[in-house]
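UniProt numbering puts the sequence shown at residues 1 to 153. Using N, Cα and C, we set each Cβ at its ideal position, and we do this for glycine too.
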Amino acid sequence: MKTNENLLNSIGKSIRMWRDNCFPPFQRAYGTWLLVLVSVNAGIWFYITSDWSVQFVGNIAGLLVFPMLGRKVFTKRARSWQEELDIKLAKYKPHNIAAWRELQAYALESNTLSSQIVERWYFKEREFIKTAQKGKPGSSELKFLKNNTGSKP
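Next up, the structure:
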């Protein structure tokens, strides 16, 4: 059950990042690795030879080859927040079935996911879990309040 909780936390993080207009994971990872590979390529060519024409050709070749290789490597990753959340929601086992059905109905009707509807589902799911845990032992309820032994005030 811990993995489901971790997945819900990850969904919440993705929703917040989408709402804050951050780049999706694909674009962040692709850009980072592309920058690293192009920099390493340039460093290798500067180390191998001092002839500027060879360095120039090697660096241009790297600028052309690495983006194409990167696209091949990162194609399995989600390219948008909708894809990212779709993958995570497909793995998640919901607790609040009514809210889950509402999310599914909206997605079926509009054929897309919006950050607002997913966020609304997320808050309903969190509230449902919090409410369900209140009655369980080990919850954050103050237990000493139930102890009525002792003198009366």
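Classification of residue i by the beta-carbon crowding that lies within 10 angstroms, buried from 16 upward
| i | result |
| --- | --- |
| Glu5 | exposed |
| Tyr122 | buried |
| residue 156 | The shown model of the chain, from 1 to 153, leaves out residue 156, and the question about it has no answer. |
| Ala113 | One detail in the question is off: residue 113 reads as Leu in this sequence, not Ala. Buried, because 16 or more other Cβ atoms sit within 10 Å of the Cβ of Leu113. |
| Leu89 | buried |
| Ile48 | exposed |
| Ser39 | exposed |
| Trp52 | exposed |
| Ser14 | buried |
| Ser115 | buried |
| Leu69 | exposed |
| Leu8 | buried |
Local conformation of residue i per DSSP, three classes
| i | result |
| --- | --- |
| Phe123 | helix |
| Asn4 | helix |
| Asn96 | coil |
| Asn59 | helix |
| Leu113 | coil |
| Asp86 | helix |
| Asn21 | coil |
| Arg101 | helix |
| Thr49 | coil |
| Leu79 | Looking at the sequence provided, one finds Arg at residue 79 rather than Leu. Coil. |
Test item: CB-CB of residue i and residue j under 9 Å
| i | j | result |
| --- | --- | --- |
| Phe66 | Leu37 | yes |
| Gly12 | Asn41 | no |
| His95 | Phe46 | no |
| Gly31 | Ile44 | no |
beta-carbon residue i near the ligand COA non-hydrogen atom, thresh 8 Å
| i | result |
| --- | --- |
| Asn41 | As for the ligand COA, it is missing from this structure, which has no ligand bound. |
Any 3 or more C-beta pairs closer than 8 Å across the stretch 15 to 24 and the stretch 79 to 96: yes
Please confirm if the stretch 86 to 104 is in contact with the stretch 123 to 132, defined as three or more CB-CB distances below 8 Å between the two stretches. Put simply, the stretch 86 to 104 touches the stretch 123 to 132. At least three CB pairs are less than 8 Å apart.
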